[in-house]
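**Q** Protein chains in written order, with the numbering used here: chain D, 154 to 358; chain Y, 18 to 638. Before I ask anything, here is the structure I am working with.
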């Protein structure tokens, strides 16, 4: 059943935020998924660049700057759509957040506090990475940090590739295995952030 | 200029049908107004041909007000009634400006709430003083345009917080201006450059004013200006260069620090030398402390560069932070734009070129560029073509809530694109708690005392439940001006409370810089403080729970158990008054272990009571 415009009754496109016939902004629909808001099918396989362009194209029509002179109701619709578009971009452009969002949609909370990481191999590699990071920072070894970053980024890319396989068909049938990869990726992302921060503090010395 | 002349069919820009809009750069030392005239953004000049209006307001006898050059000239002889640099007071309270006030000749009214200055025309708030400047700019616009503008875009520093933005908006309203949008100064500069040069790609905007430094990273693509990150150091600016020269003069001339008048004179000469060195390779400086005691010195551009190196180096950490927040490397950038008078210094230009690995863009006058960008956006917002222009800005400082133990839980991190909303669930801490106080804060540190308080409000009427059972959902909504609304709702019952955050005064610029810097410098300290605060909350919770249980059911324990529990409890109390997180945690665990028999027996008896209760109810039916 297609949605229709509140103003002219014309059939709305995807997402149903804006009528392409009469140009009227439509009431916000909080129930729409982040994928529906940007007008894409729910999928892990997504090109960050085209997602960004898509969101910005939608922002050009829906951003509050376009409604600086509109009535209060339309300004509110604009604020709500625009806010949700920003949220969609932030979550869907990031492979970790995107995978987590897809797993949550099927009721799997892989990164929640109650999930205890019980993978000894992951724990071991985490400890080794951390020790290396601490040693490099103590030695103020910027080149070593760069090498470590390259390694961590490569490991992250591999984890994203694995997630792509697990999440190829949705809902994911191996959610436990996907959750384990997600936790690994979360660790790698945090580590990369720490490398960045460490590097920055060495540069600022 | 081709991009600016594109017009939709039927929307051709007929000069008589164009809607008039202006952009205003309301600066610390000077202000100016610009508008898009015949498709060209242009600054407006007064009768003397000047476009810079000194941001100085003087209250005269007979309720007259003078603004600009005449007021500036009178600053020395009539300091109490002549207000300069009022931008530093915007959105501040009396307590916020105590540090600043020591150096200023103003008579501040010691009151709660918004700051007020005592003048011969009565007490004036910074909002009112700023409104005088805006009135003069508006009159210049009306005269130039031949009609009232429909709306204005006013620029604010990117790091301006809630209170400062709100105060700026209030001043514009007071001056009879319809504010279309508050725009970050670096973003405005990017708009002026991007549209003029038809540039695309990633740009850094390096903005060094008299007393503040601001760096923003933007992506320009197909008319969209997307701010990726912003950072700054608000206790750093061109004034610090003057101080560096003055120090050198004191050292070279062998004269002692001297009195404030002498020092002011040195600073004046330092500023003149700095400005002269933009054009000349060296300047003579003639020092005359008193008649007959004079000294001639020469300052070369090279020496000057060495003197200000420490000042220049201090801008780099913020540049690195902004790049990291944007997830970019220096080599990713397509251009660097310079804004602010202090960026005319040649040594600064070469440092920027070295750090960013490319010569900076300087072809638009750094004094005009912000106002020109504001004019372009104002033109777009009133509906004159430019359907393709879109500015996506970010929140400059993180927003959070106070949680137990004086900690701040960040809800929306800095550099989140706006508009933005975020909801977070909190729960009650005590059994039967029916109200919850919500304290909204802005800043990067972990502890409440280190962040800026924006607002407090209460959510009442929470149905009494056991601790941890209520679900309080707090939603933050930040609009496109960077202004905040907070609402809270208890999920199971729908009890709601909402507040539009309108603080009466805001953060001190220097305070923001300090907070940002400290958050990086004290990262480790914060982690241990956070652990201690968490351990204390947990320890107190254990004691409180035990207190409640003992009150009703102490009889369930025998004498030995009771003594054992008392000892553990006293130990925990002792630890809580200290500051060892590990000790508190261990002691709390010991209390819980000792209380286990009590917990077990209470549960048993509660079960029995429940069963008994039910049977009585059943009988009642």
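Cβ atoms here follow ideal geometry from the backbone N, Cα and C, with glycine treated the same way.
Relative to the C-alpha of residue 202 (chain Y), which residue among Y:566, Y:476, Y:40 and Y:138 is closest?
**A** Here residue 202 (chain Y) refers to the residue found at position 185 when the second chain is read from its first residue. Among Y:566, Y:476, Y:40 and Y:138, the Cα nearest to that of residue 202 (chain Y) belongs to Y:40.
**Q** Helix, strand or coil for residue 235 (chain D)? Go by DSSP, reduced to three states.
**A** Mapped onto the first chain, residue 235 (chain D) falls at position 82. Of the three classes helix, strand and coil, the one that applies to residue 235 (chain D) here is helix, per DSSP.
**Q** Please work out which residues of its chain come closer than 6 Å, Cβ to Cβ, to residue 602 (chain Y), disregarding the five sequence neighbours upstream and downstream, and give them in chain order.
**A** Sequence index remark: in the second chain, residue 602 (chain Y) carries index 585 (1-based). These residues qualify, in order along the chain: 552.
**Q** Contact check, residue 325 (chain Y) vs residue 258 (chain Y) under 8 Å by CB: the rounded distance?
**A** As a working mapping, residue 325 (chain Y) is identified with position 308 in the second chain. As a working mapping, residue 258 (chain Y) is identified with position 241 in the second chain. Going by Cβ atoms, the distance from residue 325 (chain Y) to residue 258 (chain Y) rounds to 5 Å, so yes, they are a contact pair.
**Q** DSSP state of residue 277 (chain D), grouped into three classes?
**A** For the purposes of this step, residue 277 (chain D) is identified with residue 124 of the first chain, where counting begins at 1. Three-state DSSP puts residue 277 (chain D) in a helix.
**Q** Any idea what DSSP makes of residue 417 (chain Y), helix, strand or coil?
**A** For the purposes of this step, residue 417 (chain Y) is identified with residue 400 of the second chain, where counting begins at 1. Strand.
**Q** Counting only the same chain and skipping the five closest in sequence on each side, list residues whose C-beta sits under 6 Å from that of residue 390 (chain Y).
**A** Residue 390 (chain Y) sits at position 373 when you count from the first residue of the second chain. Taken in chain order, the residues that qualify are 205, 206, 208 and 209.
**Q** Which residues in the same chain have their Cβ closer than 8 Å to the Cβ of residue 556 (chain Y), if we skip the five residues on either side of it in sequence?
**A** Within the second chain, the letter at position 539 stands for residue 556 (chain Y). Here the set comprises 589, 592, 593, 601, 602, 604 and 605.
**Q** Going along the chain, which residues of its own chain have a beta-carbon closer than 8 Å to the beta-carbon of residue 289 (chain D), five neighbours each way excluded?
**A** By one-based count along the first chain, residue 289 (chain D) stands at place 136. Around residue 289 (chain D): 297, 298, 301 and 351.
**Q** Along the chain, where does the alpha helix (DSSP H) that runs through residue 248 (chain D) open and close?
**A** Counting from 1 along the first chain, the entry for residue 248 (chain D) is found at position 95. It spans 248-258 - the alpha helix (DSSP H) in which residue 248 (chain D) sits, taken as one unbroken run.
**Q** Quick check on this structure: which residue in D:258, D:186, D:163 and D:187 has the alpha carbon closest to the alpha carbon of residue 178 (chain D)?
**A** Sequence index remark: in the first chain, residue 178 (chain D) carries index 25 (1-based). Ranking the options by Cα distance to residue 178 (chain D), first place goes to D:163.
**Q** Give me, in chain order, the residues of the same chain whose beta-carbon lies closer than 7 Å to that of residue 83 (chain Y); leave out the 5 immediate sequence neighbours on both sides.
**A** By one-based count along the second chain, residue 83 (chain Y) stands at place 66. Result list for residue 83 (chain Y): 75 and 77, in chain order.
**Q** Would residue 248 (chain Y) be called buried (16 or more neighbouring beta carbons within 10 Å of its own) or exposed?
**A** What you label residue 248 (chain Y) is simply residue 231 of the second chain in a count that begins at 1. Residue 248 (chain Y) is buried by the Cβ-count criterion.
**Q** Using 8 Å as the cut-off, can you tell me whether the stretch 62-73 of chain Y makes contact with the stretch 89-105 of chain Y, which would need three or more C-beta pairs spanning the two stretches below that distance?
**A** Yes, they touch.
**Q** Please tell me whether residue 217 (chain D) has its Cβ less than 9 Å away from any Cβ of chain Y.
**A** Locating residue 217 (chain D) in the first chain gives position 64, counting from the first residue. At least one chain Y Cβ lies under 9 Å of residue 217 (chain D).
**Q** So, at 8 Å on beta carbons, what are the nonlocal neighbours of residue 216 (chain Y) in its own chain, with the 5 sequence-adjacent residues on each side left out?
**A** Along the second chain, read from residue 1 onward, the residue named residue 216 (chain Y) stands at position 199. Correct list, in chain order: 210, 237, 351 and 352.
**Q** From what residue to what residue does the alpha helix (DSSP H) around residue 147 (chain Y) run?
**A** As a working mapping, residue 147 (chain Y) is identified with position 130 in the second chain. Residues 143-162.
**Q** How would you list, in chain order, the residues of chain D whose beta-carbon sits under 9 Å from the beta-carbon of residue 409 (chain Y)?
**A** Within the second chain, the letter at position 392 stands for residue 409 (chain Y). Those are 209, 212, 216 and 239, listed as they occur along chain D.
**Q** Measure the C-alpha to C-alpha separation of residue 60 (chain Y) and residue 51 (chain Y) and round it to an integer number of angstroms.
**A** Taking the first residue of the second chain as position 1, residue 60 (chain Y) is located at position 43. Taking the first residue of the second chain as position 1, residue 51 (chain Y) is located at position 34. Cα-Cα distance, rounded: 4 Å.
**Q** Let me check understanding here. Comparing Cα to Cα, which of Y:611, Y:554, Y:332 and Y:598 lies closest to residue 576 (chain Y)?
**A** Counted from its first residue, the second chain places residue 576 (chain Y) at position 559. Checking every option, the nearest Cα to that of residue 576 (chain Y) belongs to Y:611.
**Q** Beta carbons nearer than 8 Å to chain D: which residues of the stretch 485-505 of chain Y have them?
**A** The residues in question are 494, 496 and 497.
**Q** The beta strand (DSSP E) spanning residue 222 (chain Y) covers which residue range?
**A** The residue given as residue 222 (chain Y) occupies position 205 in the second chain. Element bounds for residue 222 (chain Y): 218-225.
**Q** Residues in the same chain with beta-carbon distance under 7 Å from residue 159 (chain D), minus the five sequence neighbours each way, listed in chain order, please.
**A** Translated into the one-based positions of the first chain, residue 159 (chain D) becomes position 6. Cβ within range, chain order: 177, 179 and 180.
**Q** In angstroms, rounded to a whole number, what distance separates the CA positions of residue 170 (chain D) and residue 435 (chain Y)?
**A** The residue labelled residue 170 (chain D) in the question sits at position 17 within the first chain. The residue labelled residue 435 (chain Y) in the question sits at position 418 within the second chain. In a straight line, the C-alpha of residue 170 (chain D) is about 19 Å away from that of residue 435 (chain Y).
**Q** Work out the CA separation of residue 273 (chain D) and residue 393 (chain Y) for me, nearest whole Å.
**A** Counting from one through the second chain, the residue named residue 393 (chain Y) turns up at place 376. Counting from one through the first chain, the residue named residue 273 (chain D) turns up at place 120. Their backbone Cα atoms lie some 58 Å apart in a straight line.
**Q** Mapping the DSSP letters down to three states, classify residue 526 (chain Y) as helix, strand or coil.
**A** Walking along the second chain from the start, residue 526 (chain Y) turns up at place 509. Below a pLDDT of 50, predicted positions are generally treated as unreliable, and residue 526 (chain Y), at 40, falls in that range; the measurement from the model is reported next regardless. Three-state DSSP puts residue 526 (chain Y) in a helix.
**Q** Grab the span of the alpha helix (DSSP H) containing residue 579 (chain Y) for me, first residue to last.
**A** Position 562 of the second chain, counted from the start, is the residue given in the question as residue 579 (chain Y). Start and end: 576-594.
**Q** Could you check the C-alpha separation between residue 49 (chain Y) and residue 378 (chain Y) for me, to the nearest Å?
**A** Stepping through the second chain from its first residue, residue 49 (chain Y) is reached at position 32. Stepping through the second chain from its first residue, residue 378 (chain Y) is reached at position 361. Each residue's alpha carbon lies about 22 Å from the other.
**Q** What's the gap between the Cα of residue 175 (chain D) and the Cα of residue 295 (chain Y)?
**A** In the first chain, the residue the question calls residue 175 (chain D) occupies position 22. In the second chain, the residue the question calls residue 295 (chain Y) occupies position 278. For residue 175 (chain D) and residue 295 (chain Y), the distance between alpha carbons rounds to 57 Å.
**Q** Determine, using beta carbons only, whether residue 444 (chain Y) comes closer than 9 Å to chain D.
**A** By 1-based counting over the second chain, the position of residue 444 (chain Y) is 427. No, because no Cβ of chain D sits closer than 9 Å to the Cβ of residue 444 (chain Y).
**Q** Between which two residues does the alpha helix (DSSP H) carrying residue 91 (chain Y) extend?
**A** In the second chain, counting from the first residue as 1, residue 91 (chain Y) sits at position 74. Residues 86-91.
**Q** Checking 9 Å against the spacing of the C-beta atoms, do residue 567 (chain Y) and residue 622 (chain Y) come in under that value?
**A** As a position in the second chain, residue 567 (chain Y) is number 550, starting the count at 1. As a position in the second chain, residue 622 (chain Y) is number 605, starting the count at 1. No, they are not a contact pair.
**Q** Give a yes or no on whether the minimum CB-CB distance between residue 349 (chain D) and chain Y is below 9 Å.
**A** As a first step, residue 349 (chain D) is located in the first chain; it is residue number 196 there, counting from the start. Answer yes: the Cβ-Cβ gap between residue 349 (chain D) and chain Y drops below 9 Å somewhere.
**Q** Could you check how far apart the C-beta atoms of residue 204 (chain D) and residue 191 (chain D) are, in whole angstroms? I think they sit under 8 Å.
**A** Translated into positions along the first chain, residue 204 (chain D) becomes position 51. Translated into positions along the first chain, residue 191 (chain D) becomes position 38. Contact flag correct, Cβ pair sits at about 7 Å.
**Q** In whole angstroms, what is the alpha-carbon distance linking residue 241 (chain D) and residue 506 (chain Y)?
**A** Here residue 241 (chain D) refers to the residue found at position 88 of the first chain. Here residue 506 (chain Y) refers to the residue found at position 489 of the second chain. Using only the alpha carbons, I get a separation of about 24 Å.
**Q** Compare the C-beta of residue 42 (chain Y) against all C-beta atoms of chain D and say whether one is closer than 9 Å.
**A** Position 25 of the second chain, counted from the first residue, corresponds to residue 42 (chain Y). Closer than 9 Å: no.
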